[in-house]
Amino acid sequence: ALKLGWLFQAARVLHANAYVLYRNGQYRLAEGQYEKALTIQERRGDAGAVALTLHNLGNVQKGLGQLRKAEHYYRRALALREQDGQPADIAASLIDLAALQLSLGDLRYARMLYRRGIEQAERAEQYTWLANALEGYAHVLSEDGAPARAREHHERALRLREKLGDRLAVAS
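Numbering-wise (my numbering), the sequence shown opens with residue 83 and increments by one.
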């Protein structure tokens with residue numbers, strides 16, 4: 083039990099360090115810390131922590147410009163989160179995977195992922211994520227040649243951001 087407790091703490095420290103490195107643009111260093119944390123989390127069988135770390139590894143890979151690797155990590159995180167059934171976590175994975183698909187030019191897949199992300203964010207009452215998903219979906223609709231529908235979703239996202247007091251996003 084003592085060893086498992088120590089491993090839990092070690093994984094938390096590694097994950098926290100990786101996050102700081104990531105936020106400071108030190109992606110390669112963050113990647114190494116996340117991978118070490120992932121090894122411990124998988125060994126412990128902590129599916130929630132594994133999903134979060136996989137998602138964060140996806141963010142790191144996206145920062146490094148390794149979009150296919152990012153996709154791989156996001157998909158693995160999404161699969162675990164769907165098993166867990168927490169709408170907020172599922173929404174986060176769907177929305178980031180949708181944004182990635184949009185940047186890869188797969189509008190059909192991005193559209194589907196954003197729709198699902200919107201549903202999950204609404205279920206979870208995660209309005210910041212919902213606004214992000216609506217913005218992304220509006221971008222997809224605009225690219226698809228549906229500017230009126232895109233404007234509707236953009237305006238809905240803007241109203242949400244105003245309610246949330248997100249002045250920076252509203253100003254842009």
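For glycine and all other residues, C-beta sits at the position ideal for the given N, C-alpha and C.
Continuous alpha helix (DSSP H) stretch holding residue i: start and end
i: D171; result: P169 to L186
i: Q165; result: L149 to D166
i: A112; result: Y109 to R126
i: N106; result: Neither: N106 is in no alpha helix (DSSP H) and is coded neither H nor E.
i: A133; result: A129 to G145
Residue i - DSSP class collapsed to helix/strand/coil
i: E207; result: coil
i: L240; result: helix
i: G227; result: coil
i: G199; result: helix
i: G87; result: helix
i: G218; result: helix
Integer Cβ distance of residue i from residue j, believed to fall under 8 Å
i: G142; j: Y196; result: The sequence given here has Val at residue 142, not Gly. Actually they are not in contact, since the Cβ atoms of V142 and Y196 sit about 23 Å apart, beyond 8 Å.
i: A213; j: A173; result: Not quite, the Cβ-Cβ distance comes to about 12 Å (not below 8 Å), so this is no contact.
i: G140; j: D178; result: 7 Å
Spatial neighbours of residue i in its chain, beta-carbon cut-off 6 Å, leaving aside the 5 residues before and after
i: A220; result: A232, H235 and H236
i: A93; result: A119, I122 and Q123
i: N138; result: Y116
i: E225; result: L189
i: K151; result: Q143
Contact set for residue i: own chain, Cβ-Cβ below 7 Å, skip 5 residues either direction
i: Q202; result: P169, I172, A173 and L176
i: V132; result: L120, Q123, E124 and L162
Beta-carbon proximity of residue i to residue j, cut-off 8 Å
i: A181; j: V222; result: no
i: D166; j: G130; result: yes
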